[in-house]
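Presented below is the structure to which this report refers.
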Amino acid sequence: MFGDFMMGARSRLLPASVPFRFFATAVVLHAAAWATLLWAGDAVPGFIGGGGPALAALHLITLGVLAMVAMGAAYQLLPVATKRPVRSVTACKVSHGLMAPGVVLLSFGFATMQTWALHGGMALTVLGIGVFAVLIADNLRRVTDLPLVTGHAWLAVVALAAVLVLGALLATDFGAGFLTDRPSLAAAHAVAGGFGFMGMLAVGFSYVLVPMFALAQLPRKPYGLWAMWLSAAALASGFAGALSGVAVLDGLGIAVGLVAAGLYLEMMRLTLKSRMRRGLGLSFVLVRAAWVGLPLSLVAAAVVATGWRLDITAPLFGFLLIYGWLLTFLMGVLQRIMPFLASMHSFRPGGKPALVSALTADLPLKIHAACHFAALLLVAAGIVSEIGWLVRLGALAGLIGALSFAAFAFSLRQRLIAHLLSFPPVSATELRSP
Amino acid sequence: MMVHTETGALLHNDHVATIQALQSLEGFLVRQSSKRPADTTEAGVRKTLQGLIDMVANEVGRHFGFEEQHLFPLLAERGEAGIGDFLMHEHATILPLANEVAEAARVALEENFDATTWRRFHAIGLELVEREIFHIQKEEMGLLAAISMLVDAAADKKLAATYKALQEA
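Sequence lines, in order, name chains A and B. Heads up: the first sequence begins at 1 in my numbering, then just goes up one per residue. Heads up: the second sequence begins at 1001 in my numbering, then just goes up one per residue.
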């Protein structure tokens, strides 16, 4: 894939400033999310909906980190994978320009329940993601091959449409109160956002990124395609079940989703088994842990569907899905993609490209991983035991980890600039652009 | 990363062999550390260094030469000059480094390492491992796909025969 990156596909190589503006925003909002969870602390155990800092923390992760990384990565990776350039680089930048302030404003609105911020933030966020959805759909529309990647991306785009509509309704309802069954809409929004939009993007990109980083071949098995179709069925069933409150549909969606997850994980196992690169590093510790989180989140969803102790099982399900599976996966991938892309952009005529190892500060990543896992355990324990200070302690660990990750990202920027400065003809404008 | 052509399969086999050799070298360098010079009177060390010298001469030198002289011109004829230009630039970075590492290994087999020559060998050896693996990553993900897309069956057969002849030479 990254051969394409540099070949006649220069038109598909986006300026570094495009993906990195999304990644940099995600890194900052990642710390903000854990800080907000620290603030929310006592409200997290028993949280099954409503406004306040717990909801703000959740959306800082889902929109500020997960969607932000997914957008930056999709703009860079999808055109490379599909061999079709993104229609407009300016539109990519516009989507960030709308999304970044939109997420901050929306989260502020959720935390303080100020309607103007909530509605304004929601409008900007919906517009930003909407631009993204149009650009990605336009790119996918012109592709007939790569069914595993594009099929999952299509599922993500369809799910995104549902997320945006329901999200806009739910946000508008704050202060207006016109919805008669808010919990059902919120549940459907969670299914479409967590398993649909983000989940399908994570799974789809796995089929590109895991073979690339591990130097492996995707197995010649149909499991990936089966998983994709089963995921579509599971999402439809789960979404309809959440919206209608029909428990059979929930159960069917979860059962089919578990089979789909199993097939996807089997594809990943076979891929890694065939790998040429032995040591996969710390990033894959996170990725493998996330792969444990995926089926766990589905099992938790099944318990929620029974209605048993929703004050514990509902927030635990949300935490396992968003933090355990998706955030853990994304942080594992992000710490690998950032130096990889930086190295790709470090090429200058007459000089050697920067080594990925020379761009990567290992210690902050080790601290991040340790703190991230500690945070997962402590917050989950806090939710199960309904002890607010355990959640706060976990959030503090998450915040320290997020700050360490930010130190890694800042160090990467400084190292890249130092490398580029070693070549005399580089202009100051070019240096500032990432 | 699927291999659909005979030429792609031959290049892929080279990549597998090269990565195995590089990972052995990486393990050896990391175990030894930059502060403890390897003793080339030890049979295991001699085997590792000789393997490295052979890899550079055969897999790296022959592989790069085939790509530059036969494969990239064909891809350029078929409208895809960019990948060849880019990969040749990487070759120009990697080959002198690989030759320096191989030459240092050759000298060490005769004269053993001292603290200074070992530190240099350790540093350039690890740099070679990283640059070559990163390069192979790009060839596996991009070049093999480009061959599948742009090289028809007849040209593939001819290219593969050329490469086999080089391997047997």
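For each residue, glycine too, the CB sits at the ideal point set by N, CA and C. All of these numbers come straight from a predicted model, not from anything done at the bench.
7 Å Cβ shell around A:A31 - same chain, five flanking residues per side excluded:
Taking the first residue of the first sequence as position 1, residue 31 of chain A is located at position 31. Same-chain partners within the cutoff: L399, A402, L403, A406.
With H, G and I counted as helix, E and B as strand and the rest as coil, what does DSSP make of B:Q1032?
Walking along the second sequence from the start, residue 1032 of chain B turns up at place 32. Three-state result, B:Q1032: helix.
Which same chain residues, not among the five before or five after A:G102, have their C-beta less than 6 Å away from its C-beta?
Here the question's residue 102 of chain A lines up with position 102 in the first sequence. So the list reads G121, L124, T125, G128, once near-sequence residues are dropped.
Figure out for me which residue from A:L14, A:P19, A:A24, A:A43 has the closest Cα to the Cα of A:A409.
By 1-based counting over the first sequence, the position of residue 409 of chain A is 409. Of the candidates A:L14, A:P19, A:A24, A:A43, the one whose C-alpha sits nearest the C-alpha of A:A409 is A:A24.
Would you say A:V356 lies against chain B (beta-carbon separation less than 8 Å)?
In the first sequence, the residue the question calls residue 356 of chain A occupies position 356. Contact with chain B is found for A:V356, since one of that chain's Cβ atoms lies less than 8 Å from the residue's Cβ.
Would you call the CB atoms of B:A987 and B:I1083 closer than 8 Å?
This structure leaves residue 987 of chain B out entirely; chain B is present only between 1001 and 1169.
Cβ closer than 8 Å: which chain B residues qualify as neighbours of A:M99?
Translated into the one-based positions of the first sequence, residue 99 of chain A becomes position 99. Neighbours of A:M99 on chain B: none; closest Cβ ~29 Å, over 8 Å.
Could you tell me whether the segment 322 to 331 of chain A touches the segment 381 to 394 of chain A, where touching means 3 or more Cβ pairs closer than 8 Å?
Contact between the segment 322 to 331 of chain A and the segment 381 to 394 of chain A is absent, with fewer than three C-beta pairs closer than 8 Å.
Would you call the CB atoms of A:L230 and A:L265 closer than 8 Å?
Working through the first sequence from its first residue, we reach residue 230 of chain A at position 230. Working through the first sequence from its first residue, we reach residue 265 of chain A at position 265. Contact: no.
Whose CA, out of B:T1007, B:S1034, B:T1018, lies closest to the CA of B:F1121?
Numbered from its first residue, the second sequence carries residue 1121 of chain B at position 121. In terms of Cα proximity to B:F1121, the closest of B:T1007, B:S1034, B:T1018 is B:S1034.
I want to verify the contact list: residues of chain B whose CB lies under 9 Å from the CB of A:L225, in sequence order.
Numbered from its first residue, the first sequence carries residue 225 of chain A at position 225. Correct list: empty, because the minimum Cβ distance to chain B is about 14 Å.
Is the Cβ of B:T1007 closer than 8 Å to any Cβ of chain A?
As a working note, residue 1007 of chain B is residue 7 in the second sequence. Taking 8 Å as the CB threshold, B:T1007 stays off the interface with chain A.
Is any beta-carbon of chain A found at less than 8 Å from that of B:R1131?
In the second sequence, the residue the question calls residue 1131 of chain B occupies position 131. So yes, B:R1131 belongs to the interface.
Could you tell me whether the Cβ of A:R278 comes closer than 8 Å to any Cβ of chain B?
As a working mapping, residue 278 of chain A is identified with position 278 in the first sequence. So yes, A:R278 belongs to the interface.
Within this structure, are the beta carbons of A:P219 and A:M276 separated by less than 8 Å?
Counting from 1 along the first sequence, the entry for residue 219 of chain A is found at position 219. Counting from 1 along the first sequence, the entry for residue 276 of chain A is found at position 276. No; because the gap between Cβ atoms is not below 8 Å, this pair is not in contact.
Only counting the same chain, and skipping five residues up and downstream in sequence, which positions put a Cβ closer than 7 Å to that of A:S433?
Residue mapping note: residue 433 of chain A aligns to position 433 of the first sequence, counting from 1. Reliability of the predicted coordinates at A:S433 is poor, the pLDDT of 45 falling under 50, and no value is obtained from them.
Quick one: grab the DSSP three-state call for A:K221.
Indexing the first sequence from 1 puts residue 221 of chain A at position 221. DSSP places A:K221 in the coil class of the three-state scheme, outside both helix and strand.
Go through its chain and collect everything with a Cβ distance to A:A289's Cβ below 6 Å, but skip five positions before and after it.
If you number the first sequence from 1, residue 289 of chain A lands on position 289. If we look at A:A289 and ignore the five residues flanking it on each side, its Cβ neighbours are T328.
For A:A40, which residues of its own chain have a beta-carbon under 6 Å away from its beta-carbon, when the five flanking residues on both sides are left out?
Counted from its first residue, the first sequence places residue 40 of chain A at position 40. For A:A40, where only same-chain residues beyond five positions count, the Cβ hits under 6 Å are P53, A54, A57.
Residue of A:A137, A:L298, A:I387 minimising C-alpha distance to A:I312:
Counting from one through the first sequence, the residue named residue 312 of chain A turns up at place 312. Just measuring C-alpha positions, the residue of A:A137, A:L298, A:I387 sitting nearest A:I312 is A:I387.
Take A:W154 and list the residues in its own chain whose beta-carbon comes closer than 7 Å to its own, dropping the five residues that flank it on each side.
Start at 1 with the first residue of the first sequence, and residue 154 of chain A comes out as number 154. Excluding five sequence positions before and after A:W154, the CB atoms of its chain that fall closer than 7 Å to its own CB belong to L140, given in chain order.
Quick check: the Cα distance between A:G3 and B:M1141, rounded to an integer number of angstroms?
Counted from its first residue, the first sequence places residue 3 of chain A at position 3. Counted from its first residue, the second sequence places residue 1141 of chain B at position 141. With a pLDDT of 43 at A:G3, under the threshold of 50, the modelled position of that residue is not reliable, and the figure given next carries that caveat. A straight-line Cα-Cα distance of about 6 Å links A:G3 and B:M1141.
Considering only residues of the segment 275 to 307 of chain A, which uninterrupted beta strand (DSSP E) runs meet the minimum length of 3 residues and lie entirely inside it, listed in chain order?
The segment 275 to 307 of chain A contains no complete beta strand (DSSP E) run of 3 or more residues.
Distance, Cα to Cα, A:G332 vs A:R415?
Indexing the first sequence from 1 puts residue 332 of chain A at position 332. Indexing the first sequence from 1 puts residue 415 of chain A at position 415. If I take the Cα positions, the gap works out to 21 Å.
CA nearest to the CA of A:S184, picked from A:I337, A:A305, A:T82:
In the first sequence, residue 184 of chain A corresponds to position 184, counting from 1. Ranking the options by Cα distance to A:S184, first place goes to A:A305.
Hey, is the segment 42 to 50 of chain A in contact with the segment 62 to 77 of chain A, meaning 3+ C-beta pairs nearer than 8 Å?
In short, these stretches do not touch, since the Cβ pair count stays below three.
Where A:V86 sits in the DSSP three-state scheme
Counted from its first residue, the first sequence places residue 86 of chain A at position 86. Reduced to three states, the DSSP call for A:V86 is coil.
On the CB-based measure, 16 or more other CB atoms within 10 Å of its CB, does A:G151 come out buried or exposed?
Locating residue 151 of chain A in the first sequence gives position 151, counting from the first residue. Burial state of A:G151 is buried, judged by a 10 Å Cβ sphere holding 16 or more other Cβ atoms.
Quick check: A:A188 and A:L166, are their CB atoms within less than 8 Å of each other?
Working through the first sequence from its first residue, we reach residue 188 of chain A at position 188. Working through the first sequence from its first residue, we reach residue 166 of chain A at position 166. Their beta carbons are under 8 Å apart, which means A:A188 touches A:L166 by this criterion.
Going along the segment 1077 to 1098 of chain B in order, which residues come within less than 9 Å of chain A, judged by CB to CB distance?
Listed by position along the chain: G1079, E1080, A1081, G1082, I1083, G1084, D1085, F1086, L1087, H1089, E1090, T1093, L1097.
Closer than 9 Å, Cβ to Cβ, to anything on chain B: give me those residues from the segment 195 to 217 of chain A, in chain order.
Identification of residues in the segment 195 to 217 of chain A having a C-beta nearer than 9 Å to some C-beta of chain B yields V208, P211, M212, F213, L215, A216, Q217, given in sequence order.
Between A:S357 and A:A242, what straight-line distance do the alpha-carbon atoms span, to the nearest angstrom?
Here residue 357 of chain A refers to the residue found at position 357 when the first sequence is read from its first residue. Here residue 242 of chain A refers to the residue found at position 242 when the first sequence is read from its first residue. Here the alpha carbon of A:S357 sits roughly 46 Å from the alpha carbon of A:A242.
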